[in-house]
Amino acid sequence: MGKSADLLPGTLDMLILKAVSLKPLHGYGVLLRISQISGNALDIPQGSLYPALYRLEHQGLIAAEWGESENKRKAKFYSLTAAGRRRLREETEGWNRLATAIASALNTTPDEV
Amino acid sequence: MMSQFRSWWSAATRRTRFEDEMRAEMEFHLQARVDDLIASGVAPAAAQRQARMEFGTTDAIKDDCRQSRGLRFLDTTVEDLRFAWRMMRKTPGFTAAAIISLALGIGANTAIFTLVDAVLFRTLPLPDPGGLYFLAHGNGDNPGTSSNYPLFERYAALTEVFDGVAAYNTNGLKVSTADGIESVDSLWVTGNFHAVVGVPMALGRGFAAERDRDAGGSMIAVISDHYWASRFNRAPDVLGQPLVVNGHTVSIVGVTAPEFTGLQPGTRPDITLPLSIRVLDEKEFFDAHDTWTSMPILARVKSGVSASQALAAADVAFRQYMSEKENNWILQRSPEAFSAARLLPAARGSNSLRQRYAMPLIVMMAMVALILLIAAANVVNLMLVRGAARSREVAIRLCVGGGRSRLIRQFLTESLLLSVCGALVGFVIAMWGTSAIMAFFGTMEAPIRLDVTANTRVLAFTTGVTLITGLLFGLIPAMKSTRLDLTPALKDGGGRTGASPRWITGQALVVSQLALGVIVIAVAALLARSLYNLKTLDAGFQGERVLVFTLDSYGTGLEAERRRAVYTELLDRLRTLPGVIRVAASRSVPIHTSGNARALNLPGPPETMSQRSAFTNFVTPGYFDTFGIRIVRGRDFNDGDRKDGIRVAVINQALAKLYFGERDAMDQTFSFWAEPEITYTVIGIVENTHQMNLREPAPAAVYTPLAQSEASPWMNFALRTAQDPAALASAATATARAVTKIAVIRYVRTMEQQVNASLIRERLLAALSVAFAVLALILVAVGLYGVMSYTVSRRGREIGIRMALGARRGNVLWQVLRQTLIVSAIGIAIGVMASLLSTKYLSALLFGLSERDPATIAGVATALLLTAAVAGFFPARRAATIDPVRAIKTE
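Quick note, the sequences are listed as chains A and B, same order.
Using my numbering, read the first sequence as starting at 487 and increasing by one per residue.
Using my numbering, read the second sequence as starting at 57 and increasing by one per residue.
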């Protein structure tokens, strides 16, 4: 998987929401999609994927439905709910604000102080 | 929030599906990963291994998933319940003791609360009951609801504050049926009654706009759901059917809904008739200012009008009415009772039953609350003892990081399970108890009828009591049992050093149990002795072998002069019955609520007139002999005292003193205030007899011969018998039936039954409180026994060593017993002090003794000390028979 970074706490939920926002996915698909959209840079601990999915479903942010996988097997597909879409937008904005702030802080040169 | 609950609920209720889906989902994940790995060239076996390794421990992940769904709490609870259930099954003796204790405690509380709810709390099933008020009068604690029709009309005119004003009057009516005439509890009401009150109807209509003064215009009736069921078998075509009531044929126009049983809790009128029918027989009723009858007036206050505005308007009308010359006499006679109008909330119906039973019910409620505390203290003790037995298990769980809160939760689950089991058994006890109490009330002439089926309020109460008991009394042993000094607990399976906190808790519990027990038993003893005092009171008559029945010919068309002949014939026939010694007829009999007080013609200020009145009764010759009322001077009436002779009277000693003072009353004359021209000559003086009930002192009384009085439609017939009077009941009834077919024979009773019925409240209080006292005594004894047994078992080794060192068995026995007695004495002393402080609330219920009666309190203390000695003796004897060698060895 090449060089990968550990996830920051609290970011897994955001990534799952993002992954299923593109198209309904099963659990394994979520894993693959996150690797794909992060350019294989993020390593998802598989042990925490399912508890997170169950938690998000419990909170009503994603909805689950049984369907058929690409190779004709029964699988549980997750999709984003309206509440999930709202949450994803808030989290994205929050993250962007935080990232910009940290980036600008880290880019500060001695002259600017 | 809602979506979370839904997700939790679907997972919790369809648990198997949840688990299956979770497993399927994870299997799919692994399979997909394996497929991908094989596709990328990994060998199948290695792919399987790698996929599993990447995924991690499936069980742990599943557990995390469950937690995400909020299922962990449920799982733990189920686990705890299973464990608690196993513990309960493992120690059946302990479990039975705890459950029985709690069942009795919770059952007693539920039973009494059911009555409290039915008598004190229940709101009438009416729309907007809060807007309904009784228009009463008087300014004391005991407002009157007596009225007359002219006063009702004054109130009815106050349309600016009232939406409607109605009145009702309770009565027993004669209904002619195929089997003869029966007496039915009924109401006379104004023609707008059902509309104003808002009575819910099951069928047809109520009275809304019947005209009262249109005598005979509305020959209609409304019947109760109960009467519809019992008389008409719920026939749907009951509307329009005729009823013959007091000789008038009326047509049924409506059936009230089952939940409505009238406005007077404890009663259940079956037939409601408009007052316009009553006026057919009592022509003057609508205009009679001088007859104040028990006719409560109800008003619905207009919305937007406050109660005080309504009262102000009513008060003006009332004062105006009372100041008019036709009514001024009654105001002068009882200024307190008629000075001002009062507005009484009618949401819970009239307060006669509440007034009589509020205090007894509160006392009973307090007693059962104390009993529950005693019972719960027993359970705490049992749990503590068991906690001690489990101390090693607890210590191990704490050592391996089990977490104290988790253990406490486990203990609480256990205590809750116990209290829930106790509540379930208790509920059965409560249902049995309330029906037993209702059967008690059924022995009265007018039985108190209450709906005592458990309603939501009762269920909520029981649930609340159960949870509080389970949690509160689970918490003490839970905290104690999980606070361990780990090292000794692990070393020998139980702390055996000196006075452990657990042991002190046990002693404190025993002390408080004894103190509470003293209060309960003292209350019971005071109430039981009051009943005894009442029953052994010299009431001024000998009623042991007297049978009485009432002949009621009111409204049956039996005319006054014909009545006299019927009464004479009936007396003659009764006299010939075998076993009858003496017979008499009278308007009233001792200890009966019917009676007539008349003001005497004595000088004095008008407001003291009630103190110058006499109870009047008219009797046939033989009345005094029949009831065993001693003739002190002069003679009884005889056949020579005729209608056309001089008016004679027998008076009692109280009247002689009141009217004649120190003078000799014999052969003197007296008269009544209302008819000063009619004088009565005293021909005899009899002893004072309690008339209304045993509590009230015997009133001054005047007896006149029936021959010189108007023959009342209500007459009591009394038979003094040689043997058991109850055995003659059916013969007497048959005789009366043979003499008159149309009069109603009712309330056939022995004097003993009648006296008992008059003491129903006292008997109920005494019976219940004595039952509670016995319960308390047993619970206290069990508690004491349990704690002392535990103490002995805990100190087995120490006792063994002392005996090995030469302590004598007697010494050991005395030492253990002494400890019991000291603890008990402390508890009893506290209890005696608490009783002295709390029994003052009882004084109104007591008779013939002070609420601090020293003999009673001393007796209670002695009884408890004896109980303690007995309960403590067995553990003490066990201690004394310890085999020292074995006790030391079996450590």
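No residue lacks a Cβ here, since even glycine has one placed at the ideal position from N, Cα and C.
- DSSP, read as helix, strand or coil, puts B:Ala264 in coil.
- When only Cα atoms are considered, B:Val476 and B:Leu130 end up about 18 angstroms apart.
- Uninterrupted beta strand (DSSP E) stretches at least 3 residues long and entirely within the region 199-235 of chain B occur at 218-233, given in chain order.
- Here DSSP, grouped into helix, strand and coil, assigns B:Ile308 to strand.
- Residues of the region 86-116 of chain B that bring their beta carbon within less than 8 angstroms of a beta carbon in chain A comprise Gln87, Ala88, Arg89, Asp91, Glu110, Phe111, Gly112, Thr113 and Ala116, in sequence order.
- For B:Arg654, the pairing in a beta bridge is given by DSSP as B:Ala670.
- Runs of the alpha helix (DSSP H) lying entirely within the region 843-918 of chain B, each at least 4 residues long, are 852-860 and 865-894 in chain order.
- Shown in chain order are the members of the region 527-546 of chain A whose Cβ falls below 9 angstroms from a Cβ of chain B: Pro531, Gln532, Gly533, Ser534, Leu535, Tyr536, Pro537, Ala538, Leu539, Tyr540, Arg541, Leu542, Glu543, His544, Gln545 and Gly546.
- Between B:Ile308 and the set B:Ala67, B:His345 and B:Ala258, the nearest pair of CA atoms involves B:Ala258.
- Taking the Cβ atoms as the reference, B:Ile938 lies roughly 32 angstroms from B:Gly887, outside the contact range of under 8 angstroms.
- Only residues of its own chain outside the window of five on either side were considered, and among them Ala640, Ala641 and Leu762 have a CB closer than 6 angstroms to the CB of B:Thr676, listed in chain order.
- Contact note: B:Glu449 does not reach chain A at a C-beta cutoff of 8 angstroms; the least C-beta distance is about 32 angstroms.
- Under the 8 angstroms criterion on CB atoms, B:Glu77 is classed as interfacial with respect to chain A.
- DSSP places B:Ala534 in the uninterrupted alpha helix (DSSP H) bounded by Thr512 to Thr538.
- The C-beta distance from B:Ala794 to B:Ile801 rounds to 11 angstroms, too long to meet the 8 angstroms contact threshold.
- When DSSP states are grouped into helix, strand and coil, B:Asp939 belongs to the coil group.
- Nearest CB-CB separation between B:Asp326 and chain A: not below the 8 angstroms threshold.
- Under the three-state reduction of DSSP output, B:Phe693 falls in the coil class, being neither helix nor strand.
- Residues of the region 58-72 of chain B with a C-beta less than 7 angstroms from any C-beta of chain A: Ser59, Gln60 and Ser63, listed in chain order.
- The alpha-carbon of B:Val742 is positioned some 5 angstroms away from that of B:Asn708.
- For B:Phe671, the closest of B:Ala705, B:Met275 and B:Asp723 by C-alpha to C-alpha distance is B:Ala705.
- Beta-carbon to beta-carbon, B:Val301 and B:Ile327 are separated by about 6 angstroms, close enough to satisfy the 8 angstroms threshold.
- Excluding sequence positions up to five before and after B:Thr735, its CB lies within less than 6 angstroms of the CB of Thr725 and Ser727, all in the same chain and listed in chain order.
- Of all C-beta pairs linking the region 560-569 of chain B to the region 486-500 of chain B, fewer than three are shorter than 8 angstroms, placing the two stretches out of contact.
- Chain order gives no chain A residues near B:Ser286, where near means a beta carbon separation below 8 angstroms; the closest approach is about 57 angstroms.
- Around the CB of B:Ala402, 16 or more other CB atoms lie within 10 Å, so the residue is classed as buried.
- Under the 10 Å beta carbon count, B:Thr895 is surrounded by 16 or more other beta carbons and is classified as buried.
- Using a Cβ-Cβ cut-off of 8 angstroms, B:Ala80 counts as an interface residue toward chain A, since at least one Cβ of chain A sits closer than that to its own.
- By the beta-carbon neighbour count (other beta carbons within 10 angstroms, threshold 16), B:Arg73 is exposed.
- Contact annotation: B:Val435 and B:Asn165 have beta-carbon atoms that are not nearer than 8 angstroms.
- Between the alpha carbons of B:Pro183 and B:Gly254 lies a gap of roughly 6 angstroms.
- Taking 8 angstroms as the cut-off, the beta carbon of B:Ala837 is found closer than this to the beta carbon of B:Thr923.
- Secondary structure note for B:Ser642: its beta strand (DSSP E) is the uninterrupted segment Val636 to Ser642.
- Runs of the alpha helix (DSSP H) lying entirely within the region 122-161 of chain B, each at least 4 residues long, are 128-146 in chain order.
- Counting only Cβ-Cβ distances below 8 angstroms, B:Arg128 has no contacts in chain A at all, with the closest Cβ about 12 angstroms away.
- For B:Phe728, the pairing in a beta bridge is given by DSSP as B:Leu656.
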